[in-house]
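The structure under discussion appears below in the form of structure tokens.
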Amino acid sequence: MLELDDLHVGYGRTTVVHGATVHVPEGGITAVMGHNGAGKTTLLRAAVGLLAPSRGRVLLDGDDVTRLRPHRRVRRGLAYVPQGQQSFPQLTTAENLQLVADTRPRGRARTDELLDLFPALREVMSRKAGLLSGGQRQQLAIARALITEPRVLILDEPTEGIQPSVVAQIERTIADLTSGDDLSVLLVEQHIGFALSVADRYYVLASGRVTSSGDGGDDSHATVRAAMAI
Amino acid sequence: MDALFAQLFAGLSLGSVLLLAALGLALTFGQMGVINMAHGEFMMAGAYTAFVVQSVVGDAGLSLFVSLPAGFLVGGALGVLLEATLLRRMYHRPLDTLLVTWGVALILQQLARDIFGAPNVEVRAPGWLSGNVDLGLLQVSSARLFIIVLSVAAVVGLGVLLKTSPLGRRIRGTVQSRDLAETVGVSTRATDRMTFFIGSGLAGVAGVALTLLGSTGPTLGTNYIVDAFLVVVAGGIGQIKGCVIAAFGLGTLQAAFEYSTTASLAKVAVLVVVVVFLQARPQGIFSVKTRSLV
Ligand SMILES: Nc1ncnc2c1ncn2[C@@H]1O[C@H](COP(=O)(O)OP(=O)(O)OP(=O)(O)O)[C@@H](O)[C@H]1O
Ligand SMILES: [Mg+2]
């Protein structure tokens, strides 16, 4: 589905990710874990096309999309929820969703479905996104990404700084979405417990390298903790 | 009393011309951080478009209504050409764009000289715009009244476009966060190009309007570009609200100074006022926390 193949990514002269290979197969959740500054966000930014890798390839459905601009990757079924509850702060919640729905033939109908999934957003439709709470903004960001009906959803720390009840809701939504084979999720998480409870496969990233990977079985906890301690 | 109203009208009239000239700049400068010195030459191109259209169409009234959209298209096309060939590589490098577009401006002036000759050309105003209108309190030039209406229509049109249309949402989204816009599926390059098309098209419209006030020459634009930038900077970059207030404010100020001194002294006085104002409020009339339009 999505393959990050030996990616080397950095900023200017400094390389941050040194040859990471991550495979996101069809269906299910693939988790990437690692400490602060390990290069998780950098890796994801290369996956969506905001950063150009100095080496390596990004494959989507087997096609090389390394040189494709982000909006073209979105058209091919990639969606990205960046870290930090980003939104268009001066646009209202409704406009944030509409902006994306505009680009899709089924956008409007899809927006209604997503508002049923995130009813809290209905109450704040006419409020500027910059004025929403962090939890509301994260729900907006996830709903906005899902309007494009992606086949691969990339989530960068979706539960960071969010109250437990909303985390639980986001967790449920992710689990629901991936119950079929229509959507694969690439999830970056710091909370090992949460990540391993939902993930089918995991990778551990340390200092820009994959140091451990496996499936989310019972012994994965200990393995991941050991890998992250390096 | 009459003199006061006459002054006020002169200010409004000057303000509306400034507004037409500055509106497109507010868009291109505000959104992309591009200092387009050729904006004035896009106005000049609009004015010559009116001249060409009139020599083809003949009738002054009809030609005005053909010229307005034609000037928009000509200005817009020039803008897109400039954007696609040169500016695309220079976003948010104001100094580079300043130099490059200044060069483009000189080339366009020379091009106009080669095509239309150095002497100014005249575009006839339609009969119903050549006299005065009686507003009760005073007689005003109908051409100037027309330009005031046109500038208000341009502001309202642009506002509605930005506020309610899909393109408007894309433009505002791209200004607020380019990366985010790209990753939710918006082609920010196509959006930039459309923004430049509209901004430059508005310059073309301004040029057509200017033919109603005087003759058209290759350096028509140079008379307006500095004032237009003053309006954009004083209004708060990228702010249409601020742009409107600054245009009418500066227009009124200039008219008032002109009344008591000479035109060139008035220009200096206005410049001083703007500089002092920007010392006190560097962000312009409206502060720009996130650089947003509307
Ligand atoms: N725009 C940038 N310019 C230069 N260096 C950067 C930039 N963004 C990140 N870095 C550096 O790259 C390294 C990896 O950052 P990255 O954001 O990918 O980490 P992360 O694993 O996502 O961390 P966190 O868990 O805190 O989000 C860090 O050392 C960081 O300082
Ligand atoms: Mg990160």
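As you go down the protein sequences, you meet chains S and L in turn. For reference, each letter of the first sequence is one residue, going 0 to 229 in numbering that gives the first Met the number 0. For reference, each letter of the second sequence is one residue, going 0 to 293 in numbering that gives the first Met the number 0. Cβ coordinates follow ideal geometry from the N, Cα and C atoms, glycine included.
Chain S beta carbons: is any one of them nearer than 8 Å to that of E40/L? No, no contact with chain S.
For a contact meaning CB atoms closer than 8 Å, what does V47/S contact in chain L? Neighbours of V47/S on chain L, chain order: T182.
Considering only C-alpha positions, which residue in the set F64/L, L7/L, V243/L is nearest to L157/L? When each option's Cα is compared against that of L157/L, the closest is V243/L.
Applying a beta-carbon distance threshold of less than 8 Å, which residues of chain S neighbour Q175/L? By Cβ distance, chain S contributes F87, P88, Q89, L90.
Got a sec: does ligand 1 put a non-hydrogen atom nearer than 7 Å to the Cβ of P41/S? For the record, residue 41/S in the displayed sequence is Thr; it is not Pro. Flag set: Cβ of T41/S near ligand 1.
What are the residues of the segment 138-171 of chain L that lie near chain S, defined by any Cβ-Cβ distance shorter than 7 Å? Within the segment 138-171 of chain L, the qualifying residues are P165, R168, R169, R171.
Would you be able to state if there are at least three C-beta pairs under 8 Å between the segment 145-157 of chain S and the segment 89-107 of chain S? Short answer: they touch.
Closer than 7 Å, Cβ to Cβ, to anything on chain L: give me those residues from the segment 49-60 of chain S, in chain order. Those residues of the segment 49-60 of chain S that come within reach of chain L (Cβ to Cβ, closer than 7 Å) are L49.
Name, in chain order, the residues that DSSP records as bridge partners for K127/S. Assignment of beta-bridge partners to K127/S by DSSP yields T91/S.
Taking Cβ-Cβ distances shorter than 9 Å, what residues in chain L pair up with Y10/S? Result: empty, since nearest Cβ-Cβ is about 14 Å, beyond 9 Å.
Same chain, Cβ closer than 6 Å to G213/L, neighbours up to 5 away in sequence not counted: Result list for G213/L: empty, nothing under 6 Å.
Taking the Cβ atom as the reference point for each residue, do A247/L and L136/L lie within a distance shorter than 8 Å? Residue 247/L is actually Phe in this sequence, not Ala. When the beta-carbon positions are compared, F247/L and L136/L stay at least 8 Å from each other.
Report the CB separation of R192/L from A44/L in whole angstroms; it is logged as a contact under 8 Å. About 18 Å separates the two Cβ atoms, so there is no contact after all.
DSSP has T215/L in a bridge; who is on the other side? Bridge partners of T215/L: V120/L.
Taking just the CA atoms, how far does Q89/S sit from A194/S? Their backbone Cα atoms lie some 33 Å apart in a straight line.
Is A37/S near ligand 1, judged by its Cβ being under 7 Å from some heavy atom? True, at least one ligand heavy atom lies under 7 Å from that Cβ.
Cβ-based burial, Y202/S [other Cβ within 10 Å; buried from 16]: A residue is called buried when at least 16 other Cβ atoms come within 10 angstroms of its Cβ; Y202/S meets this threshold and is buried.
Is it true that the CB of V230/L sits closer than 8 Å to the CB of L67/L? One thing to note: L67/L has its Cβ no nearer than 8 Å to the Cβ of V230/L.
In terms of residue numbering, what span does the beta strand (DSSP E) encompassing I28/S cover? Note, I28/S: beta strand (DSSP E), 27-32.
Beta-carbon within less than 7 Å of V274/L's beta-carbon, same chain only, minus the 5 sequence neighbours each way: which residues are those? The beta carbon of V274/L lies closer than 7 Å to none in the same chain, with the five residues before and after it left out.
Using the rule of at least 16 other Cβ atoms within 10 Å of the residue's Cβ for burial, across every protein chain shown, is P118/S buried or exposed? Answer is exposed; the Cβ neighbour count stays below 16.
Within the segment 144-189 of chain S, ranges of the alpha helix (DSSP H) (whole runs, at least 4 residues): Within the segment 144-189 of chain S, the complete alpha helix (DSSP H) runs of at least 4 residues are 163-176.
Count the other C-beta atoms from every protein chain shown that fall within 10 angstroms of the C-beta of M124/S, then say buried if there are 16 or more, exposed otherwise. Taking all protein chains shown into account, M124/S has fewer than 16 neighbouring C-beta atoms within 10 Å of its C-beta and is therefore exposed.
Using only the heavy atoms of ligand 1, determine whether one of them is closer than 7 Å to the beta carbon of Y47/L. No; taking the cut-off as 7 Å, the Cβ of Y47/L has no heavy atom of ligand 1 nearer than that.
Are the segment 32-47 of chain L and the segment 73-87 of chain L in contact at 8 Å, needing three or more beta carbon pairs? Flag = yes, the segment 32-47 of chain L and the segment 73-87 of chain L touch.
How about the segment 68-78 of chain S and the segment 132-150 of chain L: do they share at least three Cβ pairs that are nearer than 8 Å? Three or more beta-carbon pairs separated by less than 8 Å are not found between the segment 68-78 of chain S and the segment 132-150 of chain L, which leaves the two stretches without contact.
Which same chain residues end up closer than 8 Å to V15/S when comparing Cβ atoms and leaving out the 5 residues on each side of it in sequence? Take V15/S, set aside five residues on each side of it, and the residues of its chain with a beta-carbon closer than 8 Å to its own are V8, G9, G38, T41, G207, in chain order.
Flag this pair as yes or no: are the beta carbons of D214/S and V187/S separated by less than 8 Å? No; because the gap between Cβ atoms is not below 8 Å, this pair is not in contact.
In whole angstroms, give me the CA-to-CA distance for N222/L and I169/S. Rounded to the nearest angstrom, the two C-alpha atoms are 58 Å apart.
Give the secondary structure of G60/L by DSSP, where H, G and I count as helix, E and B as strand, and everything else as coil. Secondary structure at G60/L: helix, using DSSP grouped into helix, strand and coil.
Around the C-beta of F228/L, are 16 or more other C-beta atoms found within 10 angstroms, so that it is buried, or is it exposed? F228/L counts as buried, since no fewer than 16 other beta carbons sit within 10 angstroms of its beta carbon.
Report the partner residues of H22/S according to the DSSP bridge assignment. In the DSSP output, where bridge partners are listed per residue, H22/S has E2/S.
Check whether V31/S and V47/S have beta carbons under 8 Å apart: Contact: no.
When you compare only the Cα positions, how much space is there between D178/L and Q85/S? Cα to Cα, D178/L sits roughly 10 Å from Q85/S.
Drop a sphere of 10 angstroms on the beta-carbon of D175/S, count the other beta-carbons inside from all chains shown, and report buried for 16 or more, exposed for fewer. Under this definition D175/S is an exposed residue.
Closer than 7 Å by beta-carbon distance: list the chain L residues that pair up with E94/S, in chain order. Here the neighbours are R168.
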